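**Student:** Okay, handing you the structure first.
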Amino acid sequence: MQDTEMVNHVQNGNLFAYGELMEHHHRTVEKYAFQCGVKVVDIQSVTQEVFIKLYKSLGEFESSDFTTWLYKLTLKATRDYHKREKRGQEEQELQRDEHSTRLPQSRILVFDEDRELHDAIQLLDEKYRNPLVLFYFQELTYVQIGEILNIQPSEVESRLTDSRENIKSSLEILDDNQFEQNVNLLKKSYKRVPSKFNVDEVLRQIELERGIGEDSISQEKVSKSNKHKVNVWAVGLASVLLIGILSTSFLKDDNTPSREVANAADTKSVDDFKKSFEEQKTTYRNTLGLTEEEFNQIEFVKLANQLFALNFKESRSDNESSSASMDERYEEVLDVLKIPSQMINDATADKQMSEEEGDKFIDELNTKIDYLTTYYNSVLERHREILNTAKMGGKLDASYLLANRYDLPDEVENLINNANTQGISIRVSRDNNSYEAFFEFPNHWQNLYETIQYPSISLLQMKSMVPFTYGGELILTPLESAMYLNQLEHTLLSTKHRNSLYAIMKSQYEDLAYTLIFGASNTEVITNGRVSYEFQAVWNSLRYSYGDSPMKYFIRPMFESVSENNWEVNEVYRSLNFNDLKVAFTLAENGDLAAIMPKEVSGAKSTTINWPNSEVEQKVAESIENIDLSHISQIVGLSPIESVVLYQHAQEEKLREINQQLLSFMNFTDHENFEKVMNSWLNYELIPKEATSLRYQDENTFEQHGNFVGSVDVLNGDQVIRTIPINRSHQGIWTIDASLSYLLYSEPHVEINEETIKDIQNLYTRFKENYDYTILKDVGATMVAGIYLEAASQGDLNTQYELLLKGENTPNKEEFLSSPSDIETDWKKQYHSMESHQDYPLDEPLLSRDKTDEFDVTAWLYIKPELVTNEFYRNGIQMRKTVDGWRVYYLPIQ
């Protein structure tokens, strides 16, 4: 739909079309506002101001160019903004240097060249700045620029020439080609201007200003714009509270059939409903400790009052125009009136909600919490002067304020006493200049997890952590921030019904992601052209995000390029476009990202090192010199072998914290013996003194549940004397898998598919030719068990006998060949997968065996689900590891 066509629809009363118009153009307004000197934190409010004024002035629009008209309004809004800024900051400005008007824009303008050019543009007189911005960065023609600025095209050209020469001179740019190149780079950076514009909020403000809650709305007007109102409220912020009311009460055509059945049910008079409504309001305001006047200032209370007035009029004929009974409409109004604590009580007393119901409930709850927080902050602002005397050691102190609540004005004392029942607490503001109300998920709300499904409740709980950044600075440590980013991404992508809370948290996700990759005014990711050590660890963590992660897709190629470049910033980082992450996120939302995700790899390379090895030992020692030893996730880039060496080093230096973190228990289930296993490891010499080399083979590493599982072999000469199981955690750290070590020996789970069957049949064919045992020496227990099963399915008793472990319980060959086969079914039809592992005898010291020892394992064969007839879902083949390879026990099936 063209702009002019959408404007015509809006002029005819279609606010839904206005929502589309804003979606199409808000990025233009945001970027232009920033280019005109609006601070990052104020872009959202200025953009909303532009679109509210635009809506009010749509009656003046006829057939001129809409885009030109939008630029005019934006330019006027930025001028008004600068006037307000000047009036409000004159005293502060006197204390600042000449460059104090520059923006804290380093989160947008990452590179020095961009900042220098942007600042030079800002220092131009507006007369010269506006033509340059509109021409180079908004790509308008001389004619369009002239119309916006009310000057002739020839004057536009003249001012452009002057502004360009001025900047070239101030930045010592030699020629126009270099100037154009710098402009193009800055144009790319402007794409990073953050967007927090809320179309729903603007539509809601417009609706409220139009008087949707006034009693004077006529039935004729409602009927005429019925469709448009439903569309507006369906997308508006208040829709979570009002859509049910609007759809059943007053958004009804005049020709609605009468409702005789509903009338019969309306036994109460309007006065009865009014009395009940006031009683319920009294109950809620007493819970909040508010007067009637104070209670009626809360936004959702106002909405409930408006809806009650619309639905319960003195004339009964007015009340009968709706298809819903008065009792039904009254219940809906009460839903709008409910305070958060009552919503929680009702939800936890009810049965479990469906995912859609839970999403709707959480969205309504979140909206009411926001309304209450806004009201409480207005109270704190009114009493700011006296509250700011509550200090400890010369600083505002929330604990001190709460302890002295009884000395405060009644309104503030009531707030402190009752706000926490609604999930709202008081803290010192981020700028340390005042107290503020904020949402804090109460412990007793944890009961919601029994009623409401993940992830909606998790999103609400994570909201209590926001904001993750303030004033260009991370609130948490970079690594903690990365952890929350991964968690938030996973939660958002698990959400099916995307409501206003989803939009809020997605905006927080984008803001935090940007800061962790590009930095901000007070968060330096790049120092002297190199990625800081702290953010090396952050990026390493992000590249191993959960599953089909947009962040993992976005950051991995850049991480690999920059890390290989010794962490020095290169062109791959410079050309990184944050919009690509947004595109990847959209693909993930639609379920399309998996199709283009690169195949997951371990990220390690096969290698063998001599041991001892001073070079590797020095590297691992240096890796922990400047980190918090309780957070080894700060260590970046250690290989599997280096992680094993780090464990050995930590043991020698008695750094028990490091040892504990380098142990993982991914498959551990024997919780009764956990402490025993842990202590055995902590007191265990990982690399024996007789070791001469360490080997890691990436081809033997496999993925399991999002982790990569492999091993490091300890060798003496050519002989493997110990195998150390390892896995790569989601943070990218290689750890020692103590759970697999507890099992002593384990082979990966193998699906019995065409490829597996072919491999087993090929080995079977080769082995039975002349029973050359060297063919099987390096073949795993699982595959040897498969060969035994294949021989049985072929009726090949000779090959079965050759695979048997010979001992006192094994019959001689003649007896074996004359006996019927112990396996009658075709393994390929009976089983769907198999694996091998050995459990430790509990009376045997843990970690006491080396790889050269003979030992027994069980090769487990998992029966196809449709063939399972009782509690037994698998069969086991008893195997023994000998110096010549794996052998099968006689009568092995158990």
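Here the sequence shown is numbered in my numbering, starting from 276 and rising by one per residue. Beta carbons: idealized from backbone N, C-alpha and C, even for Gly. None of these values were measured; they are calculated from a predicted model.
Is Ile871 near Tyr808, with beta carbons less than 9 Å apart?
**Tutor:** Against the sequence shown, residue 871 aligns to sequence position 596. Against the sequence shown, residue 808 aligns to sequence position 533. No, the Cβ-Cβ distance between Ile871 and Tyr808 is not below 9 Å.
**Student:** When you compare the CB positions of Gln419 and Gly312, do they come within less than 9 Å of one another, or not?
**Tutor:** Residue 419 sits at position 144 when you count from the first residue of the sequence shown. Residue 312 sits at position 37 when you count from the first residue of the sequence shown. No. Outside cutoff.
**Student:** Per DSSP, Met1170 forms a beta bridge with which residues?
**Tutor:** Lying outside 276 to 1169, the shown extent of the chain, residue 1170 is not represented and no answer is given.
**Student:** Determine the extent of the alpha helix (DSSP H) in which Gln456 is found, giving its start and end residues.
**Tutor:** Against the sequence shown, residue 456 aligns to sequence position 181. Run containing Gln456: 451-465, per the alpha helix (DSSP H) assignment.
**Student:** Decide yes or no for the touch test of the segment 695-704 against the segment 665-676: beta carbon pairs closer than 8 Å, at least 3 of them.
**Tutor:** Touching, per the Cβ criterion.
**Student:** Tell me, to the nearest whole angstrom, how far the beta carbon of Pro825 is from that of Ala863; I am working on the premise that it is less than 8 Å.
**Tutor:** Locating residue 825 in the sequence shown gives position 550, where the first residue counts as 1. Locating residue 863 in the sequence shown gives position 588, where the first residue counts as 1. At roughly 5 Å, the Cβ-Cβ gap stays under 8 Å, so Pro825 and Ala863 are in contact.
**Student:** Going by C-alpha distance, which of His1112, Trp1135, Gly1055 is nearest Arg1162?
**Tutor:** As a working note, residue 1162 is residue 887 in the sequence shown. Residue Gly1055 is the option with its Cα nearest to Arg1162.
**Student:** At which residues does the alpha helix (DSSP H) containing Glu1022 begin and terminate?
**Tutor:** Locating residue 1022 in the sequence shown gives position 747, counting from the first residue. Counting along the chain, Glu1022 falls outside any alpha helix (DSSP H), and DSSP gives it neither H nor E.
**Student:** Can you tell me whether DSSP reads Leu1166 as helix, strand or coil?
**Tutor:** Counted from its first residue, the sequence shown places residue 1166 at position 891. The answer is strand: DSSP assigns Leu1166 an E or B state.
**Student:** Could you please give the first and the last residue of the uninterrupted alpha helix (DSSP H) stretch that includes Tyr1046?
**Tutor:** Counted from its first residue, the sequence shown places residue 1046 at position 771. From DSSP, Tyr1046 is part of no alpha helix (DSSP H); its letter is neither H nor E.
**Student:** Rounded to the nearest angstrom, what separates His300 and Leu424 at their Cα positions?
**Tutor:** In the sequence shown, residue 300 corresponds to position 25, counting from 1. In the sequence shown, residue 424 corresponds to position 149, counting from 1. Roughly 20 Å between the two C-alpha positions.
**Student:** Put Ile1098 into one of helix, strand or coil per three-state DSSP.
**Tutor:** Residue 1098 sits at position 823 when you count from the first residue of the sequence shown. Three-state DSSP puts Ile1098 in coil, outside helix and strand.
**Student:** Among the residues of its own chain, which have a CB less than 6 Å from the CB of Leu817, if the five just before and after it don't count?
**Tutor:** Start at 1 with the first residue of the sequence shown, and residue 817 comes out as number 542. Excluding positions up to five away in sequence, the list reads Ala757, Met826, Ile830.
**Student:** Run the CB neighbour count on His924, radius 10 Å, all protein chains shown included, and call it buried at 16 or more, exposed below.
**Tutor:** Within the sequence shown, residue 924 is the residue found at index 649, counting from 1. Flag for His924 reads buried.
**Student:** For Val858, tell me which candidate among Glu785, Gln811, Lys361 has the shortest Cα-Cα distance.
**Tutor:** The residue you call residue 858 lines up with position 583 of the sequence shown. Of Glu785, Gln811, Lys361, the residue nearest in Cα terms is Glu785.
**Student:** Asn457: which of Ser551, Phe552, His393 sits nearest, CA to CA?
**Tutor:** Numbered from 1 along the sequence shown, position 182 holds the residue referred to as residue 457. The shortest C-alpha separation from Asn457 is found at His393.
**Student:** Would you give the residue range spanned by the alpha helix (DSSP H) that Ser674 belongs to?
**Tutor:** To locate residue 674, count along the sequence shown from 1; it is residue 399. Unbroken alpha helix (DSSP H) run through Ser674: 673-678.
**Student:** If I measure Cβ to Cβ from Ser731 and keep anything under 6 Å in the same chain, skipping five residues before and after, which residues do I get?
**Tutor:** On the sequence shown, position 456 is the one that residue 731 refers to. Same-chain partners within the cutoff: Gly633, Asp634, Ile637.
**Student:** What is the rounded straight-line gap between the Cα of Ile487 and the Cα of Ala584?
**Tutor:** Taking the first residue of the sequence shown as 1, we reach residue 487 at position 212. Taking the first residue of the sequence shown as 1, we reach residue 584 at position 309. Any answer about Ile487 is weak, because its pLDDT of 44 lies below 50 and its placement is not dependable; what the coordinates show is given next. About 12 Å.
**Student:** Look at the Cβ atom of Lys643, then the Cβ atom of Phe713, and state whether they are nearer than 9 Å.
**Tutor:** For this step, residue 643 is matched to residue 368 along the sequence shown. For this step, residue 713 is matched to residue 438 along the sequence shown. Taking 9 Å as the Cβ cut-off, Lys643 and Phe713 do not qualify as a contacting pair.
**Student:** Using C-beta distances below 8 Å, list every residue in its chain close to Leu734, excluding the 5 sequence neighbours before and after it, in chain order.
**Tutor:** For the purposes of this step, residue 734 is taken as residue 459 along the sequence shown, with counting starting at 1. Answer for Leu734: Ile637, Thr766, Leu767, Thr770, Leu776, Tyr777, Met780, listed in chain order.
**Student:** Should Arg359 go down as buried or exposed, given a rule of 16 or more other Cβ atoms within 10 Å for buried?
**Tutor:** For the purposes of this step, residue 359 is taken as residue 84 along the sequence shown, with counting starting at 1. Exposed, because fewer than 16 other Cβ atoms sit within 10 Å of the Cβ of Arg359.
**Student:** Is DSSP giving Asn1002 helix, strand or coil here?
**Tutor:** For the purposes of this step, residue 1002 is identified with residue 727 of the sequence shown, where counting begins at 1. Strand at Asn1002.
**Student:** Just to confirm, is the Cβ distance from Trp1102 to Leu969 under 9 Å?
**Tutor:** Numbered from 1 along the sequence shown, position 827 holds the residue referred to as residue 1102. Numbered from 1 along the sequence shown, position 694 holds the residue referred to as residue 969. No. Outside cutoff.
**Student:** Could you tell me if Asp355 is buried or exposed, where buried requires 16 or more neighbouring beta carbons within 10 angstroms of its beta carbon?
**Tutor:** Here the question's residue 355 lines up with position 80 in the sequence shown. With fewer than 16 Cβ atoms within 10 Å of its Cβ, Asp355 is classed as exposed.
**Student:** Confirm the yes/no value for this check: CB of Ile792, any heavy atom of the ligand COA, distance under 8 Å.
**Tutor:** Among the components of this structure there are no ligands whatsoever, and the ligand COA is therefore not found.
**Student:** Measuring straight from C-alpha to C-alpha, what distance separates Ile442 and Gln453?
**Tutor:** Counting from one through the sequence shown, the residue named residue 442 turns up at place 167. Counting from one through the sequence shown, the residue named residue 453 turns up at place 178. Answer to the nearest angstrom: the Cα atoms are 12 Å apart.
**Student:** Does Asp1159 come out as helix, strand or coil in the three-state DSSP assignment?
**Tutor:** By one-based count along the sequence shown, residue 1159 stands at place 884. Looking at Asp1159 - three-state DSSP - the assignment turns out to be coil, as it is neither helix nor strand.
**Student:** Expressed to the nearest angstrom, what Euclidean distance is found between the alpha-carbon atoms of Lys1033 and Ile792?
**Tutor:** Start at 1 with the first residue of the sequence shown, and residue 1033 comes out as number 758. Start at 1 with the first residue of the sequence shown, and residue 792 comes out as number 517. Cα to Cα, Lys1033 sits roughly 47 Å from Ile792.
**Student:** Looking at C-beta atoms only, is the number of pairs between the segment 1075-1092 and the segment 1048-1067 that lie closer than 8 Å three or more?
**Tutor:** Output reads yes: the segment 1048-1067 touches the segment 1075-1092.
**Student:** Can you check whether the CB of Ile1098 is closer than 9 Å to the CB of Gly1061?
**Tutor:** Counting from 1 along the sequence shown, the entry for residue 1061 is found at position 786. Counting from 1 along the sequence shown, the entry for residue 1098 is found at position 823. Contact: no.
**Student:** I'd like to check one pair, Pro1086 with Gly985: are the Cβ atoms closer than 9 Å?
**Tutor:** On the sequence shown, position 710 is the one that residue 985 refers to. On the sequence shown, position 811 is the one that residue 1086 refers to. For Gly985 and Pro1086, no; Cβs fall outside 9 Å.
**Student:** Among Lys670, Leu723, Phe716, Thr726, which residue has its Cα nearest to the Cα of Asn707?
**Tutor:** Your numbering for residue 707 matches position 432 in the sequence shown. The option with the nearest alpha carbon to Asn707 is Lys670.
**Student:** Could you name the residues that DSSP lists as bridge partners for Ser986?
**Tutor:** Walking along the sequence shown from the start, residue 986 turns up at place 711. The partner list for Ser986 (beta bridge, DSSP) reads Pro1000.
**Student:** Using 8 Å as the threshold, is the segment 456-471 in touch with the segment 399-417, meaning 3 or more CB pairs across them?
**Tutor:** Counting Cβ pairs under 8 Å, three or more are found: they touch.
**Student:** On the premise that Phe853 lies in contact with Tyr789, defined as a C-beta separation below 8 Å, what is that separation, rounded to the nearest angstrom?
**Tutor:** For the purposes of this step, residue 789 is identified with residue 514 of the sequence shown, where counting begins at 1. For the purposes of this step, residue 853 is identified with residue 578 of the sequence shown, where counting begins at 1. With 8 Å as the limit, Tyr789 and Phe853 qualify as a contact, their Cβ atoms being about 6 Å apart.
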